[in-house]
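Have a look at the structure below, then the notes.
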Amino acid sequence: MSKIQTWNIGFGRIGEQRELKFALEKYWRGEIPLEELEATSAQLRKRHWAYQKEAGIDAVSCNDFSWYDQTLDMVATLGLEPECFRSIEDPVARYFAMARGDEQRPAMEMTKWFNTNYHYIVPELSADLKGRVDASGIRERYAEAKAADIATPKINLIGPLTFLANAKRPDSPDQNSLGLFDRILPLYEELLRQLSDLDNETVIQMEEPVFVTDEATQLGLLIRTAYERLAQISPKLRLYVVSYFDHAVEAARILMQTPVAGIGLDFLYDEGRNLEVLTSIAQSSKELIAGVIDGRNIWRTDLDARKRLLDEIAKTIPAEKLILAPSCSLLHIPYTLRYEEKMDPKVRSYLAFATERLEELDLLNALFRGEKLSETQRGALEASREALAVRRSDSAVTDPAVRERMATLDTLRHKRDVPFKERILRQHERFGYLPLATTTIGSFPQTPELRQVRRRYKRGEITQEEYDRTIEEQIKACVEFQERIDLEVLVHGEFERNDMVEYFGEQLSGVAFSENGWVQSYGSRCVKPPLIYGDVSRPEPMTVRWSTYAQSLTDRPMKGMLTGPVTILNWSFVRDDQPRAETCYQIALAIRDEVDDLQKAGIGMIQVDEAAFKEGYPLRAAKRPDYERFALESFWITTNVAKPETQIHTHMCYSEFNDIIDTIEAMDADVISIETARSGNVLLRIFKERGYEMEIGPGVYDIHSPRIPSVEEMTAQIHALLEVLPPRQLWINPDCGLKTRGWPEVEASLANMVRAVNVVRKELGLI
Ligand code: GLN
Ligand code: ZN
Numbered sequence: 153m154s155k156i157q158t159w160n161i162g163f164g165r166i167g168e169q170r171e172l173k174f175a176l177e178k179y180w181r182g183e184i185p186l187e188e189l190e191a192t193s194a195q196l197r198k199r200h201w202a203y204q205k206e207a208g209i210d211a212v213s214c215n216d217f218s219w220y221d222q223t224l225d226m227v228a229t230l231g232l233e234p235e236c237f238r239s240i241e242d243p244v245a246r247y248f249a250m251a252r253g254d255e256q257r258p259a260m261e262m263t264k265w266f267n268t269n270y271h272y273i274v275p276e277l278s279a280d281l282k283g284r285v286d287a288s289g290i291r292e293r294y295a296e297a298k299a300a301d302i303a304t305p306k307i308n309l310i311g312p313l314t315f316l317a318n319a320k321r322p323d324s325p326d327q328n329s330l331g332l333f334d335r336i337l338p339l340y341e342e343l344l345r346q347l348s349d350l351d352n353e354t355v356i357q358m359e360e361p362v363f364v365t366d367e368a369t370q371l372g373l374l375i376r377t378a379y380e381r382l383a384q385i386s387p388k389l390r391l392y393v394v395s396y397f398d399h400a401v402e403a404a405r406i407l408m409q410t411p412v413a414g415i416g417l418d419f420l421y422d423e424g425r426n427l428e429v430l431t432s433i434a435q436s437s438k439e440l441i442a443g444v445i446d447g448r449n450i451w452r453t454d455l456d457a458r459k460r461l462l463d464e465i466a467k468t469i470p471a472e473k474l475i476l477a478p479s480c481s482l483l484h485i486p487y488t489l490r491y492e493e494k495m496d497p498k499v500r501s502y503l504a505f506a507t508e509r510l511e512e513l514d515l516l517n518a519l520f521r522g523e524k525l526s527e528t529q530r531g532a533l534e535a536s537r538e539a540l541a542v543r544r545s546d547s548a549v550t551d552p553a554v555r556e557r558m559a560t561l562d563t564l565r566h567k568r569d570v571p572f573k574e575r576i577l578r579q580h581e582r583f584g585y586l587p588l589a590t591t592t593i594g595s596f597p598q599t600p601e602l603r604q605v606r607r608r609y610k611r612g613e614i615t616q617e618e619y620d621r622t623i624e625e626q627i628k629a630c631v632e633f634q635e636r637i638d639l640e641v642l643v644h645g646e647f648e649r650n651d652m653v654e655y656f657g658e659q660l661s662g663v664a665f666s667e668n669g670w671v672q673s674y675g676s677r678c679v680k681p682p683l684i685y686g687d688v689s690r691p692e693p694m695t696v697r698w699s700t701y702a703q704s705l706t707d708r709p710m711k712g713m714l715t716g717p718v719t720i721l722n723w724s725f726v727r728d729d730q731p732r733a734e735t736c737y738q739i740a741l742a743i744r745d746e747v748d749d750l751q752k753a754g755i756g757m758i759q760v761d762e763a764a765f766k767e768g769y770p771l772r773a774a775k776r777p778d779y780e781r782f783a784l785e786s787f788w789i790t791t792n793v794a795k796p797e798t799q800i801h802t803h804m805c806y807s808e809f810n811d812i813i814d815t816i817e818a819m820d821a822d823v824i825s826i827e828t829a830r831s832g833n834v835l836l837r838i839f840k841e842r843g844y845e846m847e848i849g850p851g852v853y854d855i856h857s858p859r860i861p862s863v864e865e866m867t868a869q870i871h872a873l874l875e876v877l878p879p880r881q882l883w884i885n886p887d888c889g890l891k892t893r894g895w896p897e898v899e900a901s902l903a904n905m906v907r908a909v910n911v912v913r914k915e916l917g918l919i
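According to the numbering used here, the sequence shown is numbered sequentially starting from 153.
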C-alpha cells in the first residue's frame, strides 16, 4: 500500500451546478421518481471520481456521497434509527423522514459540524440501543468505484468516538452519550467485518474530528480500546484515523500504541502543534496523512512554502510513510473556478476551489518528491507563483483610507459610554413600550414571486426602479400587516435581501462574489460565501433607504436591521494575508458607519445580528480568549457610536450559550433575542441563577416548522419565561427570521403570539 502518495479526505456531493440539490428537491416534491434521483447521484459520483483520478490522486473516497448527511448515513448503516422512524418500511422514506420529518414525526435535530457551517443530523441513542448493521450500501459504492476504475477506493466512516460524542440521549439528557461506548463499539466491529472481504486490502478512513477538541483529553482509554479492537478485525483492512480542523496531539499519542495503519493530521489549523507528535509517529513506523492543502479556505496555495513545511515533516517521517492530503474534506469549499467568468480575473487568479485544490495537491506531491514536472505542471507552478506575487503587491488589496482608520482603533475598543442602566431609562422614555414588548427577528416570507423579481432584476430584465417599487410594495404591505395585528416594534421585512451576509458583502469594498461558489450547508441547502480579499469599507449607506421608507409608514418604532461584523466574517471566505481579527475590525468600522447613518436618519432601534457569533468559537479552549476579545471588540466598535437613547438589539439563533453568557452580557446590547423554543427552557435558568440585567427576547415559537402555535401554547411559554425573568426585562418574539415560512402561517402565528401576550398582560394588570 505504500504506493499511496496522495489522499483526498472527501469531496463535495451537491454538484458543481447543484445538480443534487435540484434532483433532491424535485424528488421531495414528487416531480421525479426515485430512479431519476439515483441516476443523478450515480452521475455525480462518477464525475467526482473522474476529477480526482484525472488529478492523479491515489486514495479516493468511494462513499463520501450522501443524500443528506454522512452522520445520518452512519445512523442508517448501523441501524440506529430512533424508535419512531422504525415503523417506516421503505428505507428511502425512512431516511428522508429522519432528515426532514413527515406528517407524523418532526425531523431529527440538526447541528453544526464542529466549527463549520455544515450541519449534521444528531444521532439519538437510548440506553438499550440495538443496532442492525447493514454495510450493503457501502459495499455497492465500493464496487461502483472499482468499476469506475478507481485504484484505491477508500471507505470513509465517521469514527465511533466522534459518532458518540456528537450523539444525544433523549431518554436521559443528563447522561453523557460516551457512556454508550460499550454498545456502539460492537456495531463498528460488525460493520468492519462486513467490509473485510471486499478486496485483498481495503483502506478505511475513520474520521475522528472529536480528537481535535479538548474532549480528547478525556477519551484516552476509549480511543485505545476502540482502535485496538477495530484495527484487528481483519488483516484485509487497513485502518487510518483521520482528524481535522485543529491539532490532535492527545489522541495521536494514544493511537500510536494501537495497530492502526496510519493517522491523519491537519498541519494548517493546528498552530504548529501537530509537529509535536512526529517523533512518536516515526517511532511507531506508522504512515502519516499530512493535511497540507487548505480544505476550508479558497486562497491559492503557496506551494513553495508548503514544500518547506513538508520538508520539515520529512526530517522526522520518512517520505515513503508520508501521504499528502487536504486539511479536511473539500466539502467545505466550492467545486471549481471553471464557471467564474464574470469575476475580476485578478481576484480569480488568487483562488483555488476544490478541483483546483486537487491539482495543487498533485503538484505539491511532485515537488516534494522531486519528480520531474510535466509541461502542464511546470506551467501551473509558474502561474501559481506569479499569482501569489501579484496578490502580495496588489494595491486593490490595501486601502490607505481603511489603514488610516484602523490606526485609530484603540479609541473605539470599548463599551458604550453611558452604562446600560441609564441608557435603558432613556430608551423607555423615548419609546414607551410596555413590558413583554412584541417584535420579530427581521425577515418576513420571501415568496417565489419576490425571488423571481430579484432574479430578473439581477439579469437586467427589469429596471432598478421597477425592482425598488416591488420592494417598497412588499415593505408597505408588511408594515400594514404588523400594525393590523398590533405588533409594537416593527421591522421592514428584509425583502431586498437574498441573504443576510451576501446583501452586505455585495455593497462592501474589498469583497468579491463568485457566481457558482456554492457550499452545502445542510441537506439541499447551499450558501455562497463572500470572498473577502482586500481591505473592507463601505462606500455608501446600505440599508438606510429601506429603513427610513419603512419608518415613514408608521408611528411605531422601526428596527433597523444589520448583520454584525463577526457573522459577516464567519460566513465568508476570509483573506489569509492578515489576522482574521484585523478583517473583523475593518468590517466593524463599515457597519459602524451604517449604525450611525441609521440613527442620524431617525431610526431609534437598530438590530445588529450576530447569528454566527458562537460558531466562530475555536475548538480548543486555549484559543478562545483571543476570539472572544476580537469578537467583542468588533461588536463594540460597531455599536458604541449609538447614542444612549438609540436602542441596540442583537440576535443569535441558538440557545446553547450558557458557557458564553459572560461574553454575551459583555456585548452590551440593550436587547438580545435568542432561540429557545426548540431547546426547552432549562437553558434559560442561567439568567435567573446568575442574574442578567439587559432585556431579552427568548423566542416563544419555533420558526423552522410550518406548524402554527396556539395562543394557549404561547401563553404557557410566556408564563414559563416569567418564572425566570421579570416582565420588564422580557420581549416576546419568534425564534428567528421568518423568511423561509409562508405568509399564511406567519400571519396566524404572529397574531396568536400577540393574543398570548395580551392574555398575560391582562393577568399581570398591565393593560
Ligand atoms: N434578521 C435576520 C432574519 O430575520 C436574522 C437571521 C438569522 O438569525 N439567521 O432573517
Ligand atoms: Zn436567527
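Positions of the beta carbon are idealized from the N, C-alpha and C atoms, including for glycine.
Residue closest to residue i, alpha-carbon to alpha-carbon, out of the options
i, options, result
"Leu172", "Pro879, Glu292, Arg197", "Arg197"
"Glu508", "Leu339, Gly716, Pro552, Glu206", "Glu206"
"Phe633", "Asp286, Gln604, Ala400, Thr592", "Thr592"
"Asn722", "Val898, Pro275, Ile739, Cys214", "Ile739"
"Ser786", "Gln169, Arg565, Gly283, Leu902", "Arg565"
"Asp811", "Arg837, Gly208, Tyr179, Asp748", "Arg837"
"Thr719", "Glu640, Arg732, Leu519", "Arg732"
"Cys214", "Thr223, Ala202, Tyr220", "Ala202"
"Pro305", "Thr550, Leu330, Leu389, Phe363", "Leu389"
Inter-residue spacing [alpha-carbon to alpha-carbon] between residue i and residue j
i, j, result
"Ala872", "Pro571", "29 Å"
"Gly167", "Asn318", "27 Å"
"Ser154", "Leu440", "Legend: pLDDT at Ser154 = 47, less than 50; position of this residue unreliable, value from coordinates given subsequently. Taking the straight line from one Cα to the other gives about 11 Å."
"His856", "Arg530", "51 Å"
"Asp651", "Leu371", "40 Å"
"Leu916", "Gly851", "20 Å"
"Gly414", "Tyr379", "11 Å"
"Leu588", "Lys711", "17 Å"
"Glu423", "Thr735", "19 Å"
"Leu540", "Asp225", "40 Å"
"Pro478", "Asn904", "51 Å"
"Val212", "Glu296", "13 Å"
"Asp216", "Glu667", "25 Å"
"Arg842", "Ala818", "14 Å"
"Glu360", "Ala532", "34 Å"
"Val912", "Ser862", "14 Å"
"Lys320", "Trp265", "14 Å"
"Glu402", "Arg425", "11 Å"
"Ala868", "Pro600", "35 Å"
Opening and closing residue of the alpha helix (DSSP H) in which residue i lies
i, result
"Glu896", "Here residue 896 turns out to be Pro, not Glu, going by the sequence shown. Per DSSP, Pro896 belongs to the alpha helix (DSSP H) from 895-915."
"Gly889", "Unbroken run through Gly889: none, as it is neither H nor E."
"Pro243", "243-252"
"Ile465", "455-466"
"Thr802", "Where Thr802 is concerned, there is no enclosing alpha helix (DSSP H), although the beta strand (DSSP E) it sits in stretches over 799-804."
"Gly289", "288-299"
"Gln222", "222-230"
Unbroken beta strand (DSSP E) run spanning residue i, endpoints
i, result
"Leu332", "Unbroken run through Leu332: none, as it is neither H nor E."
"Tyr674", "671-674"
"Tyr392", "389-394"
"Ala317", "Here Ala317 belongs to no beta strand (DSSP E); instead the alpha helix (DSSP H) covers 312-317."
"Val823", "823-826"
"Ile475", "474-478"
C-beta neighbour in chain B for residue i, strict 8 Å
i, result
"Gln169", "Here there is only one protein chain, and chain B is not present."
task: Please write down, chain order preserved, every residue whose beta carbon lies under 7 Å from a heavy atom of the ligand GLN.
output: Ile593, Gly594, Ser595, Glu646, Met652, Met713, Gln759, Asp761, Ala763, His803, Cys805, Cys888, Gly889, Leu890, Lys891
- prompt: Fully enclosed by the segment 836-878, which alpha helix (DSSP H) runs are 4 residues long or longer?
  reply: 837-842, 863-876
Any beta strand (DSSP E) of 3 or more consecutive residues that is wholly inside the segment 727-784: 757-761
Completely contained alpha helix (DSSP H) runs for the segment 530-579, where each covers 4 or more residues: With a minimum length of 4 residues, the continuous alpha helix (DSSP H) runs that stay inside the segment 530-579 are 552-558.
- prompt: Which full runs of the alpha helix (DSSP H) of 4+ residues lie inside the segment 623-698, going along the chain?
  reply: As summarised for the segment 623-698, the continuous alpha helix (DSSP H) elements at least 4 residues long and confined to that stretch are 654-657, given in chain order.
Start-end ranges of the alpha helix (DSSP H) lying completely within the segment 395-459, minimum 4 residues: Within the segment 395-459, the complete alpha helix (DSSP H) runs of at least 4 residues fall at 401-407, 430-435.
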